[in-house]
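Asker:
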Amino acid sequence: MNSAIRSIVRYGLRKNCRIFFVHEGYEGLITNKVDEATWESVSNIIHKGGTMIGASRSEGFRKREERKQAAITLHTHKIYYLVCIGGDGALTGISIFRDEWEGLTQELFKEGKLIGMAEFFHLDSISSAFKGKITQEQAEMGKHLYVVGIAGTIDNDFIGTDRTIGFDSAMARVIECVDALAATADSLQRTFVVEVMSKDCGSLALTAAIALEADFVFIPEVPPSQDWPDVLCSHLQRKRNVGSRLHIIIVSEGAADADKKPITADDIRKIIEDKLKYDVRVARLGYIQRGGRPSFLDRLLGCRMGSEAINALLRSKPAAPQVLCLKGHVIVKLPLSKVISHTRRVREERRKGSYGEAVDIRGRNFRQKTDFVQLIAEPPNFFFGVSKNFGVIHVGSPAAGMNGVTHAFVRIANHSKFNVYGIEGSWEGLMEGRFRELNWGNVAGWMSRGGSELGSKRQLPTDVERIAEALNDQNIEGLLIVGGFEAFHSAKILQDARNSYAALNIPIIVIPCSIANNVPGTCNAIGTDTALNEICRQVDNIQQGARGSGKGVEIIEVMGERCGFLAAMTALATGADKVLTFQQEFTEKDLLKMVKDACFKAERGLGLYKIVRSEGASDTITCDYLRSIFDKFTTRVDVLSHAQEGGPPSAFDRQMGLRKAIYAFQGFMDPKKMGESDCCVLGVTYATFRSPNSLTPQVDINPEAIVDHETLREYQTAYIYLRLSIHQQVLLPGLVGRTLKFTAVSELVKEVCFEHRLPLKQWWMPLIPLVTELSDCRELVNVRND
Numbered sequence: 001m002n003s004a005i006r007s008i009v010r011y012g013l014r015k016n017c018r019i020f021f022v023h024e025g026y027e028g029l030i031t032n033k034v035d036e037a038t039w040e041s042v043s044n045i046i047h048k049g050g051t052m053i054g055a056s057r058s059e060g061f062r063k064r065e066e067r068k069q070a071a072i073t074l075h076t077h078k079i080y081y082l083v084c085i086g087g088d089g090a091l092t093g094i095s096i097f098r099d100e101w102e103g104l105t106q107e108l109f110k111e112g113k114l115i116g117m118a119e120f121f122h123l124d125s126i127s128s129a130f131k132g133k134i135t136q137e138q139a140e141m142g143k144h145l146y147v148v149g150i151a152g153t154i155d156n157d158f159i160g161t162d163r164t165i166g167f168d169s170a171m172a173r174v175i176e177c178v179d180a181l182a183a184t185a186d187s188l189q190r191t192f193v194v195e196v197m198s199k200d201c202g203s204l205a206l207t208a209a210i211a212l213e214a215d216f217v218f219i220p221e222v223p224p225s226q227d228w229p230d231v232l233c234s235h236l237q238r239k240r241n242v243g244s245r246l247h248i249i250i251v252s253e254g255a256a257d258a259d260k261k262p263i264t265a266d267d268i269r270k271i272i273e274d275k276l277k278y279d280v281r282v283a284r285l286g287y288i289q290r291g292g293r294p295s296f297l298d299r300l301l302g303c304r305m306g307s308e309a310i311n312a313l314l315r316s317k318p319a320a321p322q323v324l325c326l327k328g329h330v331i332v333k334l335p336l337s338k339v340i341s342h343t344r345r346v347r348e349e350r351r352k353g354s355y356g357e358a359v360d361i362r363g364r365n366f367r368q369k370t371d372f373v374q375l376i377a378e379p380p381n382f383f384f385g386v387s388k389n390f391g392v393i394h395v396g397s398p399a400a401g402m403n404g405v406t407h408a409f410v411r412i413a414n415h416s417k418f419n420v421y422g423i424e425g426s427w428e429g430l431m432e433g434r435f436r437e438l439n440w441g442n443v444a445g446w447m448s449r450g451g452s453e454l455g456s457k458r459q460l461p462t463d464v465e466r467i468a469e470a471l472n473d474q475n476i477e478g479l480l481i482v483g484g485f486e487a488f489h490s491a492k493i494l495q496d497a498r499n500s501y502a503a504l505n506i507p508i509i510v511i512p513c514s515i516a517n518n519v520p521g522t523c524n525a526i527g528t529d530t531a532l533n534e535i536c537r538q539v540d541n542i543q544q545g546a547r548g549s550g551k552g553v554e555i556i557e558v559m560g561e562r563c564g565f566l567a568a569m570t571a572l573a574t575g576a577d578k579v580l581t582f583q584q585e586f587t588e589k590d591l592l593k594m595v596k597d598a599c600f601k602a603e604r605g606l607g608l609y610k611i612v613r614s615e616g617a618s619d620t621i622t623c624d625y626l627r628s629i630f631d632k633f634t635t636r637v638d639v640l641s642h643a644q645e646g647g648p649p650s651a652f653d654r655q656m657g658l659r660k661a662i663y664a665f666q667g668f669m670d671p672k673k674m675g676e677s678d679c680c681v682l683g684v685t686y687a688t689f690r691s692p693n694s695l696t697p698q699v700d701i702n703p704e705a706i707v708d709h710e711t712l713r714e715y716q717t718a719y720i721y722l723r724l725s726i727h728q729q730v731l732l733p734g735l736v737g738r739t740l741k742f743t744a745v746s747e748l749v750k751e752v753c754f755e756h757r758l759p760l761k762q763w764w765m766p767l768i769p770l771v772t773e774l775s776d777c778r779e780l781v782n783v784r785n786d
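Under UniProt numbering, the letters of the sequence shown match residues 1 to 786, in that order.
1) Can you list, in chain order, the residues of its chain whose CB lies under 6 Å from that of C251, leaving out five sequence neighbours each side?
2) Can you give me the C-alpha to C-alpha distance between I46 and S244, rounded to a whole angstrom?
3) Identify whether V405 lies in helix, strand or coil by the three-state DSSP scheme.
4) Look at S490 and K457 and say whether their C-beta atoms are less than 8 Å apart.
5) Under a three-way DSSP split, which group does T522 fall into?
6) In chain order, what are the residue ranges of uninterrupted beta strand (DSSP E) at least 3 long that sit wholly in the stretch 399-472?
7) From the DSSP secondary-structure annotation, give me the bridge partner or partners of T191.
8) When the Cα atoms are used, what is the spatial distance from K632 to D597?
9) With distances taken from CA atoms, which of E65, D88, T622 and M674 is nearest H342?
10) If the criterion is Cβ atoms closer than 8 Å, does the pair V681 and P520 meet it?
11) Please state the DSSP three-state secondary structure of Y26.
12) Can you find at least 3 beta carbon pairs, one from the stretch 263-280 and one from the stretch 497-512, that sit closer than 8 Å?
13) CA-CA distance, V332 and L471?
14) Taking the C-alpha atoms as reference points, what is the distance between L301 and P220?
15) Exposed or buried, which one is V684 when buried takes at least 16 other CB atoms within 10 Å?
16) Indicate whether V392 and F409 have their beta-carbon atoms separated by less than 8 Å.
17) With distances taken Cα to Cα, identify the nearest neighbour of V612 among V148, L572 and V222.
18) Compute the beta-carbon to beta-carbon distance between V83 and V42, rounded to the nearest angstrom, for a pair I have assumed lies under 8 Å.
19) Less than 8 Å between the beta carbons of E554 and Q544, yes or no?
20) Is P733 buried or exposed, if buried means 16 or more other CB atoms sit within 10 Å of its CB?
21) Mark L314 as exposed unless 16 or more other C-beta atoms lie within 10 angstroms of its C-beta, in which case mark it buried.
22) What residues in its chain sit with their C-beta under 6 Å from that of A280, if we drop five residues either side in the sequence?
23) Assuming S203 and D298 form a contact by the criterion Cβ under 8 Å, report the distance between their Cβ atoms to the nearest whole angstrom.
24) Would you kindly report the start and end of the unbroken alpha helix (DSSP H) that includes G103?
25) Excluding the five sequence neighbours on either side, which residues of its own chain have a C-beta within less than 8 Å of the C-beta of V707, listed in chain order?
26) What span of residues does the alpha helix (DSSP H) with P229 cover, start to end?
27) Going by C-alpha to C-alpha distance, which of F418, K68 and G93 sits closest to L108?
28) Would you say A661 and M171 are within 8 Å of each other, going by their C-beta atoms?
29) With DSSP as the reference, please indicate the residues paired to I511 in a beta bridge.
30) Around the Cβ of R163, are there at least 16 other Cβ atoms within 10 angstroms (buried) or fewer (exposed)?
31) What does the alpha-carbon distance come out to for the pair G28 and G363?
32) Within a Cβ cutoff of 6 Å, which residues of the same chain sit near Y501, ignoring the five residues on either side of it in sequence?
33) Helix, strand or coil, according to DSSP, for E773 in the structure here?
34) Pick helix, strand or coil for L13, following the three-state DSSP scheme.
35) Identify every residue that forms a DSSP beta bridge with Y81.
36) Just how far apart, CA to CA, sit residue 825 and L640?
Spelled out as C-alpha cells, the structure:
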C-alpha cells in the first residue's frame, strides 16, 4: 500500500493537486484525522510493509450519522476527490458513502452542522467562513464526490482484478515459511498441515498449493466430498508408496465440507494420525502472512495504480465511482458497485450450495488452478512408456523457474502415458547423449529449487548433425527448450536445418526463462520476478546502510546485458532517481542535469541520489565514469552480479512455469494450438492499443541489418514515442497477459536484433518516465517557491 500512497502523493503533486492523508481509515474521516501530504512525507516508504497512514475496521462508519460526520470532515477541508485503498469492506463503504453524498450535503447545508464544532475539529487554521456552516458556494463546490478505488487485500477476493495489492507479498511469506518447514519434514518423514488466511476466498491457499507441490488443498469454494477423510488418507498412502517422504496439506481458514461443517487443521491432523499413524504437525501462519517487506510485483502495482488513480480522478465525471483492476498487465476501470456485487455473489452462491457457480464467478484462472493442483499432486497409477518420447533441455544462463517448468511438464506427460527425457548439459550434453529419464517421482521438489537441475549453458547448437543423430537415436518426438535468448536462437538454427535432417522435423517449443527478459514472443520471461525480488531485497539493504552515512550518491548496477528491463523495474520498485539503459540516449546535458539533481537533494537534505544502471547501458558511461562525475559527493558503487539471479523461485514464477508447461504439453498433443508452424515460442503477447489521435510511425527495418547502436535506438525511440502518444492521456501502457499464445519462431525473427540480443519492441520502455515523475521534485519545488 505504501507504494501506492507514494505514487498518489507525488504524481498528484506533479499534476498540481493538493493531497491530504486520512489517517486510520474511516475512523479518521469521522474524527477529522486529516493532514496535508508533502513530497518529503512519502520518502523512504516504498520498501515498508503495511501502510504509513494507518488502517482500521470502522463499525461506526456503518451508521448514517457517522457518515455525516465524515462528510463534514471532507467539506471542512474541501476534499471532493477520494482514492480509497482497501478490501471488499472498505470499497463497499466508500460506494455507499458516495451514493449518499448529495443527500448528506443537502442535509448539512440546511442544518448547519458545523456550528460550534470548530474546537472539536481543530479548525483554528481554517478560514472563519467555514466555522459557521457550510456556505452555498461550498455546497455547490462539493455537490459531487469523485471516488476511485484500489483493491488492496491479501485475500485476492475482489472479482474483476487478477491480483490485488498485498496478495503477492502474502504469497511470498507463505512460500518462505513452508519452504523452511519442508526441509525438516522431509528429513523426518513428517506431514505438515498448513493453515493460511482468508475465510471467504481460496486464492491464497490454492496458489500456495501449486507453488509448494502440496498433496491436498481445502478451500471454501470447492468443498470435498463426504468421504474426504478416506480420499485424503488414500492419496497420502499412494504418495508414500512411490517414495514421497514429505506431505504438505494446505487448508484455508474458511474451508468447509458440502454440509458447511468447518474443516480445521486440527481435524485433518487427527484424521491422519488415527488412520495412517503418520507424524503430523500443524502450522498456523497467522499474521506472519501480512508482514515483511512488500514484493516486487506489489511495489510495481502500487506505483502504477497510484498514478492511474490520479489521472482517473482528473478525468472523472459526476458518475458512479470506479475501481482500478488489473487484467493481465493492463489496468482498467470498472464500475465499483458492479464489481462489489459480483464479489458478494460468490458468498451468496456458496450459501446456496452452488459451488460450481461460485468458482465460475471467480474466473477462468481460478478454475484452472483447481484443476492444476490435482493434476500435479496425483501420482499416475500405471506403467508409462508406451507412447511418445519427449525431450526437455535447458539453454542459456540458469534462471529460477526452469526446474518448475520441467517438473510440471514431466508430471502431466506421465499422466498421459508419455516418457520424458531430460538432457543434461545443454547442447553439449545432447551431442554426448546424456539423457536422463524423468518421471513423476524423481522430479519431486523441483518446483521450489532455483537454477537448473539438468544444467544450463550459454551455447548454441553448432554441430547440428550430431544433435539430429542424438535425437533420432533416442526417438525424441517433441523437444521443449527452456531458457533465454540462446533458447530462441537455438530454435531458429534447428528450424533452418530441417531440410537437411529429418530428425529435426519434430515439434519444438521454447518457453522463455531468463532474468534479462530479452526473449521475443513474450512480455515476461520466467525468472524475472524472482530476480527482481532478490534485487529489491539487496537494494533495500544497501540503501539502509547508505542512509546512515549521510548525503551522497548511490550507483547500483544490475544484470540484463543490453536489455534494460531489470534496471527499469528496479528503479520503479526501489524509488530510484534515475535509470540508465541501453534503450535511452544520454547526452552531456542529461549528465549535467543528473549532477544538478543530486546537488539539489543534498542541499535540501532530501537524502541519497540513487542511480540504477543496466550493465549494458553504455560502453562509455560506465560505473567508474559516473563515479568520476559525482566526485564531490560521497559516491558508492554496488555491482550486484550473479547474486541477483535469486534463490528459490517466487510464487509468481512457479505458477507461471506450471501454466506454460501444461500449455506447452497441450501444444505437443494438439498441433492446431501452435498454428501453421510447429517451431514456436510460448509466451504472453504484446497489447494492441488503438487511439484515433495517434499516428503510427513508419519504421521499416531489416533486423539482419541492425548492427549499430544508433539505428537500433532510432527504431526503439520511435516505438517509445508511439506508445507515449497513445498513452499520454490513458496512463501507462500494459500487456495482454491473461492468455498464453504460441508465436512462430519464423515470425519473431523479424522482430529481433541478433547483434544486441534484443526484441525490437520493448513494452516496458514507456514506464521509464514514471521513474522521474515519482522522484524528481526539483522543478516542482522551484515552482512552489516562485
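Each residue gets a CB set at the ideal place from its N, CA and C atoms; glycine is no exception.
Answerer: Straight from the coordinates:
1) Here residue 251 is Val; the residue named in the question, Cys, does not match the sequence. Hits under 6 Å: E195, F218 and A265.
2) About 42 Å.
3) DSSP places V405 in helix when its eight states are reduced to three.
4) No, the pair does not count as a contact, with Cβ atoms beyond the cut-off.
5) Of the three classes helix, strand and coil, the one that applies to T522 here is coil, per DSSP.
6) Correct list: 419-423 and 435-438.
7) DSSP lists H247 and V280 as partners of T191.
8) Distance between K632 and D597, taken at the CA atoms: about 14 Å.
9) The shortest C-alpha to C-alpha distance from H342 to any of E65, D88, T622 and M674 is the one to D88.
10) V681 is a Cβ neighbour of P520, given a cutoff of 8 Å.
11) Under the three-state reduction of DSSP, Y26 is assigned to helix.
12) With the cut-off at 8 Å, the stretch 263-280 and the stretch 497-512 do not touch.
13) The straight-line gap from Cα to Cα measures roughly 47 Å.
14) Near 27 Å, if we compare the C-alpha coordinates of P220 and L301.
15) With 16 or more other CB atoms across the displayed protein chains lying within 10 angstroms of its CB, V684 is buried.
16) Yes, the Cβ-Cβ distance between V392 and F409 is below 8 Å.
17) Per the Cα distances, L572.
18) Going by Cβ atoms, the distance from V83 to V42 rounds to 14 Å, so no, they are not a contact pair.
19) Result no, Cβ atoms of E554 and Q544 do not sit closer than 8 Å.
20) Since pLDDT at P733 reaches only 23, below the 50 mark, its modelled position is unreliable, and no value is offered.
21) Taking all protein chains shown into account, L314 has fewer than 16 neighbouring C-beta atoms within 10 Å of its C-beta and is therefore exposed.
22) Checking the sequence, you will find Val at residue 280 rather than Ala. Closer than 6 Å at the Cβ level, and outside the excluded window around V280, lie T191, R269, I272 and E273.
23) Not a contact, Cβ separation roughly 15 Å.
24) First-last of the alpha helix (DSSP H) with G103: D88 to E111.
25) Low per-residue confidence applies at V707: pLDDT is 36, beneath 50, and the placement is therefore not dependable, though the value from the model is reported in the following sentence. Only E755 meet the Cβ criterion.
26) Secondary structure note for P229: its alpha helix (DSSP H) is the uninterrupted segment W228 to N241.
27) Here the closest residue by C-alpha is K68.
28) No, Cβ-Cβ distance for A661 and M171 is not below 8 Å.
29) Answer by DSSP bridge pairing, in chain order: V482.
30) So R163 counts as buried.
31) About 35 Å.
32) If we look at Y501 and ignore the five residues flanking it on each side, its Cβ neighbours are A468.
33) Note: E773 maps to helix in three-state DSSP.
34) The three-state secondary structure of L13, taken from DSSP, is helix.
35) Under DSSP, Y81 takes part in a beta bridge, and its partners are Y146.
36) For residue 825 there is no data in the structure shown, the boundaries of the chain being 1 and 786.
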